[in-house]
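Each residue of the sequence shown is one higher than the one before, counting from 4 in full-length UniProt numbering. Ideal Cβ placement from N, Cα and C applies to all residues, glycine included. Report on one structure; see the data block that follows.
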Amino acid sequence: AGRWARAAEILKELEERCGTPEGRLRQVADAMAVEMHAGLASEGGSKLKMLISYVDNLPTGDEEGVFYALDLGGTNFRVLRVQLGGKEAGVVNQEFAEVSIPPNLMVGTSDELFDYIAAELAKFISQEGDNFHLPPGRQRELGFTFSFPVMQLSIASGTLIRWTKGFSIDDTVGQDVVVELTRAMERQGVDMRVSALVNDTIGTLAGGRYTNKDAVIAVILGTGTNAAYVERAQAIPKLHGPPPKSGEMVINMEWGNFRSSHLPLTEYDHALDAESLNPGEQIFEKITSGMYLGEIVRRVLCKMADEAALFGDTVPPKLRTPFILRTPEMSAMHHDTSPDLRVVGDKLKDILEISNTSLKTRKVVVELCNIVATRGARLAAAGVFGILKKMGRDTSREAETQKTVIAMDGGLYEHYTTYRTCLENTLNELLGEDISKSISVEHSNDGSGIGAALLAASHSHYL
Ligand code: ADP
Ligand code: MG
């Protein structure tokens, strides 16, 4: 009886510490809006970098020709070619390939990583069918989606500020990633030029706008998390030089690095952060995104095994391995609807080598997944609400005249149904019934690839 009491106590304490009542979410949203202002005011003015993307026009639908995209962002990278047909025709043809990144390349040298990417690109080009029509004598053009914080000074260049999401390659930091890729392409004999360097949020926003003219915000919830939105140029004091003709600029928030005293953080989060590759950074990301949710659950289970003997007298050795419990597995357990929670039992056995778990134990695991996922999803919703506030799209006056579309993508959003539903419900809760009618979330399925190709088209050297 003692061990169940202790397990229940740990669970209850976690639930309290992870609590996200509406009032707290409003504080988080307000803090997000305040930090957005600060980040736009001056370089280094906030934890939110609020990076200028140099995208001052989003796709119109007129883009035409064959363009390529390369998406490097976390677990996999994708290469894509699209044939854009211009007005009315849209995307006439597209092909893509997906390759996982060998873990050793994520912490090796810059040349190794970029050579690997360029070599995959070379393979992709060599398999090109003749159903893609690139005019003779014309160099291939690429939109490079690079989902890490980059300081840009033009649409086709930018230096890496720092790696996130498990990447750590010192010699890339401070380098222009377009130069790094271009040199690797030359080494690998790939005849291609980078016409646009974009963050995945910017790519997703561009792809989202291509399919819906009301798209003004993009949010990624995958391995990591980030958001981008369309800002008025006049509201960006740190934007120097001639103002863009459109009067607008897309901002890459790098919201994964958001942090506020209003965020509900637990002992598990502090320990995870302290032991991470980037302590003190990406705190919002570490409680909302796919790389970390499963790991938080593992840490709580470890404590329960240790202090409440949840899995017997000793802590199962596998349970002590960081990142062994991945978020897709957590999601599968969370979604288990079988009466005996068979999926939970199987996952505990297969991943953690814990066999013969009781139904009671399995229920604790599901409840734990629920607490961690709910906190993440509700905080992500608060973040979106913060952007809507900053844009002035949270009031009824705006809502009457303007629809707002939020383009969302990423494996977590796409596959973790309970997380996604909770996020969308929470956003509606924060917006209220009337205003939520004018605001919709749309899944932009791999929009960032198409988006990057579209931006390569609108920034083509042949225009
Ligand atoms: P990336 O963010 O690496 O560019 P994705 O957008 O495809 O790539 O997201 C992959 C991430 O999404 C994985 O690292 C994982 O955390 C999460 N994910 C993938 N599948 C699932 C799933 N079934 N349930 C929950 N999370 C998932
Ligand atoms: Mg991605």
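For the putative contact between Glu66 and Leu87, defined by C-beta atoms under 8 Å, what is the C-beta separation to the nearest angstrom? Correct: roughly 5 Å between the Cβ atoms.
Just to check my reading of the structure: Gly211 and Thr148 have Cβ atoms closer than 8 Å, yes? What is that Cβ distance to the nearest angstrom? Rounded, the Cβ-Cβ distance is 14 Å, inconsistent with contact.
Sub-8 Å separation of Val253 and Val58 beta-carbons: Going by beta carbons, Val253 and Val58 fall inside the 8 Å limit.
Alpha helix (DSSP H) runs contained entirely in the stretch 110-189, provided each spans 4 or more residues: Within the stretch 110-189, the complete alpha helix (DSSP H) runs of at least 4 residues are 113-129.
Using the Cβ count rule (16 or more neighbours within 10 Å means buried), how would you classify Thr404? Result: exposed.
According to the Cβ coordinates, are Val153 and Leu163 closer than 8 Å? For Val153 and Leu163, yes; Cβs fall inside 8 Å.
Using three-state DSSP, classify His446 as helix, strand or coil. His446 carries a strand assignment under DSSP once its states are collapsed to helix, strand and coil.
Taking only three categories from DSSP, how would you classify Ala231? In the three-state reduction of the DSSP assignment, Ala231 falls in the strand class.
Helix, strand or coil: how does DSSP classify Leu296 here? DSSP, read as helix, strand or coil, puts Leu296 in helix.
One question on the structure: do Leu72 and Leu83 come within less than 8 Å of each other, judged by their Cβ atoms? The displayed chain sequence assigns Ala, not Leu, to residue 72. For the pair Ala72 and Leu83, the CB atoms are nearer than the 8 Å cut-off.
Terminal residues of the continuous alpha helix (DSSP H) containing Gly419? Checking the sequence, you will find Tyr at residue 419 rather than Gly. Annotation: Tyr419 is outside any alpha helix (DSSP H) and is labelled neither H nor E by DSSP.
Cα-Cα separation, Ile223 to Glu356: Inter-residue distance for Ile223 and Glu356 is about 33 Å (C-alpha atoms, whole angstroms).
Are Ala36 and Lys392 close, meaning C-beta to C-beta below 8 Å? Yes. Within cutoff.
Taking just the CA atoms, how far does Pro240 sit from Val303? Going from the Cα of Val303 to the Cα of Pro240 covers about 44 Å.
When the Cα of Asp236 is compared with those of Gly250, Ala230, Asn229, which residue comes out closest? Note that residue 236 is Ala in the sequence shown, not Asp. The shortest CA-to-CA distance from Ala236 to any of Gly250, Ala230, Asn229 is the one to Gly250.
Taking 7 Å as the cut-off, is the C-beta of Tyr419 nearer than that to any heavy atom in the ligand ADP? Yes; taking the cut-off as 7 Å, the Cβ of Tyr419 has a heavy atom of the ligand ADP nearer than that.
With a threshold of 6 Å on Cβ separation, who are the neighbours of Ser447 within its own chain once the five nearest residues in sequence on each side are excluded? Cβ within range, chain order: Thr207, Gly210, Gly211, Ala410, Asp412.
Under the three-state reduction of DSSP, which class applies to Glu288: helix, strand or coil? Helix, per DSSP.
Alpha carbon of Thr340 to alpha carbon of Met333, nearest angstrom: Rounded to whole angstroms, Thr340 to Met333 spans 14 Å at the Cα level.
Where does Arg81 land, buried or exposed, given buried means 16+ other C-beta within 10 angstroms? Buried, since its Cβ has 16 or more Cβ neighbours within 10 Å.
Hey, is the stretch 429-443 in contact with the stretch 121-137, meaning 3+ C-beta pairs nearer than 8 Å? By the C-beta criterion, the stretch 429-443 is judged not to be in contact with the stretch 121-137, since fewer than 3 inter-stretch pairs fall below 8 Å.
Any idea what DSSP makes of Ser334, helix, strand or coil? In the structure shown, Ser334 sits in a helix (DSSP, three-state: H, G or I).
Determine the DSSP secondary structure at Tyr71, reduced to helix, strand or coil. In this structure, Tyr71 counts as strand in the three-state DSSP scheme.
By Cβ distance below 7 Å, which residues in the same chain neighbour Leu415 in space, the five residues on each side in sequence not counted? Answer for Leu415: Leu224, Gly225, Ser292, Gly293, Thr330, Tyr422, listed in chain order.
Pull the bridge partners of Asn97 from the DSSP assignment, please. It should be pointed out that residue 97 corresponds to Gln in this sequence rather than to Asn. In DSSP, Gln97 forms a bridge with Val85.
Per-residue DSSP class, three states only, for Asp203: In the structure shown, Asp203 sits in a helix (DSSP, three-state: H, G or I).
Determine the direct distance from the alpha carbon of Thr112 to that of Asn431, and round the result to whole angstroms. Computed Cα separation, rounded: 45 Å.
Same chain, Cβ closer than 8 Å to Leu433, neighbours up to 5 away in sequence not counted: Excluding sequence neighbours, Leu433 sits near Glu25, Leu28, Arg29, Ala32, Ala384, Ala385, Phe388.
Taking the Cβ atom as the reference point for each residue, do Ala221 and Arg6 lie within a distance shorter than 8 Å? Taking 8 Å as the Cβ cut-off, Ala221 and Arg6 do not qualify as a contacting pair.
Tell me where the alpha helix (DSSP H) around Asn373 begins and ends. Taken as a continuous stretch (DSSP letters only), the alpha helix (DSSP H) holding Asn373 covers 362-394.
Given this structure, state the Cα-to-Cα distance separating Glu401 from Ile442, to the nearest angstrom. A direct Cα-to-Cα measurement between Glu401 and Ile442 gives close to 11 Å.
Could you name the residues of the same chain whose beta carbon sits closer than 8 Å to that of Thr398, not counting the 5 residues immediately before and after it, in chain order? Closer than 8 Å at the Cβ level, and outside the excluded window around Thr398, lie Ile438.
Looking at the strands, I want to know which residues DSSP matches up with Leu54. Answer by DSSP bridge pairing, in chain order: Asn255.
Cα separation between Val368 and Lys350? Cα to Cα, the separation comes out at about 11 Å.
Starting from the C-beta of Ile172, find all residues in its chain whose C-beta is less than 8 Å away, skip the five residues before and the five after it, and write them out in chain order. Here the set comprises Met109, Val110, Gly111, Thr112, Ser113, Leu116, Trp166.
What number of angstroms, rounded off, separates the C-alpha of Thr204 from the C-alpha of Phe135? Approximately 27 Å between the Cα atoms of the pair.
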